[in-house]
Structures are given as C-alpha cells and as structure tokens.
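Below is one structure; the comments refer to it alone.
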C-alpha cells in the first residue's frame, strides 16, 4: 500500500474510533436512539451513597417472674416483671464500640463491599456508614446492625453450642441426584473448633430419632438459631466426629433459586465468621445522599486540562511539524481507545481513577515527545528510523515498567478507589505500549521521505 | 546551588513534621467531625442558594450541601461541629427561617433532623494504600536492582527510596504547612507524584545506562 494511503487509512480509523469513543455509537431503539457503548461506571464519590446511621439501642425487654421468683416466658398472676435493657451498662464502653467497628469492617470486607466509609463516635458508639448504592446495599446494611448470635439449643432452650465453639462456616455446593431431586445442592459447613468437636459428637449421639419401650418413635431435636430466629430444627442420623456439621439449604436446578440459596448461605457465613456484635444497635437513619460533586465542579478542571492539552498539541505541531501532527492524531486515538476499554471492561471510575486517566494521558504525551525527539536526531533512512523507533519505544517501556507494576499490584486491591486507580493505570500503560508499537509506528515510519 | 536546594527541602520536611506533630493536619469537612442538618424543602431548589444561606448563617466557607434521596426535595447541609448545643440550636433556627423565607415554606425548626457525624480516621483510609503500595515498591525495587545493576545496586536502590520518600514527605509537609485541607484529592496527588518520580528516575537511569553502553562500545 502507498505510504500516504496508509497514513490516511490509519487517520480515518482513528477519527472513527474517536467519534465512537467521545460521541458514541448510536442506533435506533424503538423510540429513542441508543448508545451501543456501555455507560461509564462511577464510584460513590461521584454518584452518591447510602448513609446508614446506627445508634446503641436503649430499648429494654420485659422479663417475667412467677411468684417464686423464677423467670417465665409469659406474665403470670401473682408474678412480677422487670425491664432489662438490651445493652447492659457493662457492655457500653469504648473497647466494645471499637470491637463493633472492627467486626462491621470485617463483615463488609468478607461480603466483597469494595468501598465504604465508617465514622465511629467513640463516646456513645454511634456509627455512620457510607455504602455504595447497588444491589448489595441492603445486604451490606444488615451486616452493620445484625448481631449474629449463633446458638444450637435443645428443646428446653438450653444452649448446647454457640459462636465461641465455631471455628468457621463455609459455603459449598455439589451436584446431587436423588430419587426426589436432581440439581445442585447448596450447603453450609459449620466447622467447630478442636475443643468443641467432642461436644458436637456427643450432641449427634444424643439428639437422634429412636423408639421407646412402647414402640413409639421419639425424636430428640436441636434448634439452630441466629439472633433467636430458628434456622433449622433437626435430629441426627449419624455421629459426627470430625467437628464439621453440614447443613443443606436446598437442591435445585433453577439458577435463580440456586443463587438465592447461595446468597442466603454466604450472608450467614459472613455474619458467623466474624463473631457476634457485643452491642445491640438500632437503625437511626437510612437514606441515599447525592454526591456533593456535580458536573460544574469538574468544569473548571476540565477546561484547564483542555487548555494544557491544546498548548501541548501546539508545541508538538510547531516544534516537530509533520511528526508532531501525526503524534497528535495518534495521541487522540490513544485516549479514545483507553476510554473505550474503560467502558467495555466496566471499570469503576473514582476520583483516583480520574487521576489514573490523567497520568496515562501525561505519560503517553511524554512517550510521544521522546520518540519524536529520538527520530528527529537521526538521518532520514527508513532502516535507521525503524531501529531508532524500536530502540526508543523499548526504552520507554522499560521506563514505564515500574508504573505497570503499580497498576498490576493495585488491580488486586479490594478497596475500590485503589482498584480503580490500579486497573486504569494498568490498561493505560498496556494500551500505550501496544498502541504506540503498532499505530504510532505505522504513522511515523510511513511519514518519512527516504533520502535517495 | 544543589546544597541550598537540599537544605530548603530538608527545612520544609522538618517544618512539616513539626506542624503535623503539634497541630496536626487540616482535615476537610467530608472527613472531619461535622453536624448534618437535613431540611425538607418539598420543592425543587438550587444547591448554590442553600449553600449561600448556610454560609451566611454559619459564617464560614466550610459548608457541604447535598441532595437527599432521588426526588430532589430534601437537602443535607454539613457544617463543622464546633458550636455549643445552644449556638447550634440558634443557628438552626436562623437557617430554618431563611430557608422558609426563600422558598415560602412553613417548616418548623423541629422538622430539621440534626445529626452529629463523627470523624473518619485518616489512618483507616491510608492503610489500604500503604499495604498495596508497599508490595508494589518491593517489586519495583527488585526490578530496578536487576535492570540497573551496572549502575550499582545499592546506589540505585538508595536513590529510589530517598527520592520517593523525600518527594512524598515534601508533599505532605507542604499540605501541613499551607493548611491545605486533606480531602479526596490529596491521596491521588500523592499517587501522581509517585508516578512522576518513578518516570523521572527511569529516564535518568535509562540514559545513564545508554551512555555507559556507548562508552563501552567506544572503548572496544
């Protein structure tokens, strides 16, 4: 292909890519025009967040006593009653408030909530938690105030095992095929600590179905409860000696049902794996608050960046003429490409992410100037140009390698602002290396007129 | 000249450390202890009008105004939590009167929900960055030790560590000395600086390496 034609072809492709990236790719969709490109996804700093304020509960429970002073379930004639606060004086202290914060943080981390902010008033235990508004918000909210007290009780309400006996709870699923059901079974494995294995073994031997002397079936059952709500009532068919109590949540081949089982099991596991809250909380406020940052707040920085970019382009054009112009075309193409990738990979853009885009843009400009500067020094021979281009490109990649390392490591972070920065930097540097090794290379190497 | 520059930079760092140790950093309202006043306006409103009223009543520039829920008829006003309960009550009443006057409402002062928001610990926000960036730095130092072996491993590593630490400390010191409020921009600014330093050091070392190899070629 003719060299000029190659440049024109690449330029047209960049123009097309830029239109798609900066404007959109619209098609008619029933009534409206629909952009085929996915929308940008923004973090809670830019869109808004749910604010949950929880306060230490000052409620109390009424405890009833019979005439002999024994505690009973219901009010009795000649009996007495007493109001007992749900939070005793002894538990209301700074250590427990900090413990609650730590447990809530651990629960939110385990649940995969990637962005949240916790404010704790260490004097009265009031906690304000800012959460991103999405499908997980309501579940996340529950982790903030649900106590998570786990008990295994006998029929008289005596606690046989509780949170202190638990090591961890795991969620699992397996394909199952029985006479009654075919599909995937979701189960929870309650793993008890070494000290409690024997106790569980004893329970599994005691709470069984048996036949009494008259031939009637007698079943001794246990109840598994979380915060007083019965999760399951059962007796045991066989002895459990390994300390692992598997509880099936159900079997289904329907995806929706299965995911609801998994969700239920995972939420319970998150609650139980981080221990119960030592204090009972009540929800004071739960509402969505829009971000304080608006489009107008970004207008002035955007204008400043735009002006700087324009000046940078003019400098490139004046100083390096043709190569400068091709550099500008390539640069715009790079930005367009990066933004398309950000959209298609559903990267969440936070303020840190915006800085990631800014850093990528600056680095790409430096890379272009460096390459053009190296090329300008050389004689106009294609072979020399090619070798110089490859050399300068390699040199730039080596310079940028530490930044790529930061990008890769930060990609593994669970904290959204860091993840957003890391992934954008990762894509920014990767696209920079590939784009300039292919597109910019074609543009630059086809622009020179070889000496005869 | 170089020595003077280093002396100035060291002075800035020392001054910064002294400021942080004595009066601490100036934390922005979004992260510090604040009072939130939720006002129902029941009609469309202009955020800048509410902001102007709040600034007039509370007498400061430090005010954050946010819409509550999606209907756009309720507003949250955050101001620093530095007033006594009595003063706050009086200011809340004044705020209510002014909003009532502006939007022709008959809201009572008791309708305004007042919440004291505790501060967010800066350490809890910085910790996730410290862990991930420390891992990155270890890998980067390993890379530069291998890549720039010819320039002297110890010398290269010390240069990288000193430059990175010094630049971040200078940024922190400038923030502390100028009392710039620690807000959402500060951490990204630190990241930007880190990338800039790594790029500059990369350029310097690559050119040193290129010079070294060309010198070697010339000798041969």
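Protein chains in written order, with our numbering: chain A, 1 to 452; chain B, 453 to 672.
A virtual CB, placed ideally from N, CA and C, is assigned to each residue, including glycine.
Predicted model only: the values in this text are computed from it and were never measured.
Item                                                                                                                                                                         : Value
Thinking just about the alpha-carbon of each residue, which of 629/B, 659/B, 567/B is nearest to the one in residue 471/B?                                                   : 629/B
Just the Cα atoms here: how many angstroms apart are residue 216/A and residue 190/A?                                                                                        : 32 angstroms
What separation, rounded to the nearest whole angstrom, lies between the Cα atoms of residue 368/A and residue 331/A?                                                        : 8 angstroms
Using a Cβ cut-off of 7 angstroms, which residues of the stretch 403-429 of chain A contact any Cβ in chain B, in chain order?                                               : 403, 405, 406, 409, 410, 413, 415, 418, 421
Compute the Euclidean distance between the alpha carbons of residue 651/B and residue 362/A, then round it to the nearest angstrom.                                          : 11 angstroms
Quick one: does residue 343/A have its CB under 8 angstroms from some CB of chain B?                                                                                         : no
Counting only C-beta atoms, is residue 415/B closer than 8 angstroms to chain A at any point?                                                                                : In the structure as shown, chain B begins at 453 and stops at 672. Residue 415/B is therefore absent and cannot be evaluated.
Quick one: grab the DSSP three-state call for residue 676/B.                                                                                                                 : In the structure as shown, chain B starts at 453 and stops at 672, and residue 676/B therefore has no counterpart that could be examined.
Using a Cβ cut-off of 8 angstroms (strictly closer), state whether residue 671/B contacts chain A.                                                                           : no
Answer yes or no: do residue 323/A and residue 366/A have a C-beta to C-beta separation smaller than 8 angstroms?                                                            : no
Quick one: residues in its chain with C-beta nearer than 7 angstroms to the C-beta of residue 681/B, no 5 flanking neighbours on either side, listed in chain order?         : Given that chain B is displayed from residue 453 to residue 672, the structure contains no residue 681/B and the question cannot be resolved.
Quick check on DSSP: helix, strand or coil for residue 580/B?                                                                                                                : helix
Against residue 352/A, what residues of chain B qualify as contacts under a CB-to-CB distance less than 9 angstroms, listed in chain order?                                  : 636, 639, 640, 643
Can the beta-carbon of residue 243/A be found less than 8 angstroms from the beta-carbon of residue 197/A?                                                                   : yes
Which value, in whole angstroms, describes the spacing of the CA atoms of residue 67/A and residue 482/B?                                                                    : 57 angstroms
Let me know the secondary structure DSSP gives residue 570/B once reduced to three states.                                                                                   : coil
My guess is that residue 232/A and residue 247/A are in contact by the Cβ rule of under 8 angstroms, so how many angstroms apart are they, rounded?                          : 6 angstroms
Please state the DSSP three-state secondary structure of residue 55/A.                                                                                                       : strand
Using the three-state DSSP reduction, which class does residue 477/B fall into: helix, strand or coil?                                                                       : coil
Considering residue 420/A, what are the terminal residues of the alpha helix (DSSP H) in which it resides?                                                                   : 416-435
Give the range of the beta strand (DSSP E) segment to which residue 62/A is assigned.                                                                                        : 60-65
Return the residue from the list 381/A, 18/A, 264/A, 131/A that minimises the CA-CA distance to residue 336/A.                                                               : 18/A
Could you spell out the range, first to last residue, of the beta strand (DSSP E) harbouring residue 32/A?                                                                   : 32-35
Report the three-state DSSP secondary structure of residue 452/A (helix, strand or coil).                                                                                    : Residue placement at residue 452/A is poorly supported in this model, since its pLDDT is 43, which falls under 50; the coordinates still yield a value, given next. Note: residue 452/A maps to coil in three-state DSSP.
Run down chain A in chain order and give the residues with a C-beta less than 7 angstroms from the C-beta of residue 650/B.                                                  : 402, 403
Could you confirm whether any beta carbon from chain A is found closer than 8 angstroms to the beta carbon of residue 632/B?                                                 : no
Based on the DSSP secondary-structure assignment, which residues constitute the bridge partners of residue 28/A?                                                             : 33/A
I'd like to know whether the C-beta of residue 395/A is nearer than 8 angstroms to at least one C-beta of chain B.                                                           : yes
Mind reading off the beta-carbon distance from residue 645/B to residue 620/B? Whole number of angstroms is fine, and I expect it under 8 angstroms.                         : 7 angstroms
By Cβ distance, which residues of its chain are closer than 8 angstroms to residue 176/A, with the 5 residues on each side in sequence left out?                             : 182, 183, 184, 185, 251
Beta carbons nearer than 8 angstroms to chain B: which residues of the stretch 112-126 of chain A have them?                                                                 : 117, 118, 119, 120, 121, 122, 126
Less than 8 angstroms between C-beta atoms, sequence neighbours within five positions excluded: which residues of the same chain meet that for residue 497/B?                : 524, 525, 527, 555
Mind listing, in chain order, the continuous alpha helix (DSSP H) runs of no fewer than 4 residues lying wholly within the stretch 202-284 of chain A?                       : 255-273
Using a C-beta cutoff of 8 angstroms, does residue 532/B count as contacting chain A?                                                                                        : no
Going by beta carbon distance, what residues of the same chain come within less than 8 angstroms of residue 275/A, once the five residues before and after it are set aside? : 103, 148, 163
Could you tell me the alpha carbon to alpha carbon distance between residue 130/A and residue 44/A, rounded to whole angstroms?                                              : 9 angstroms
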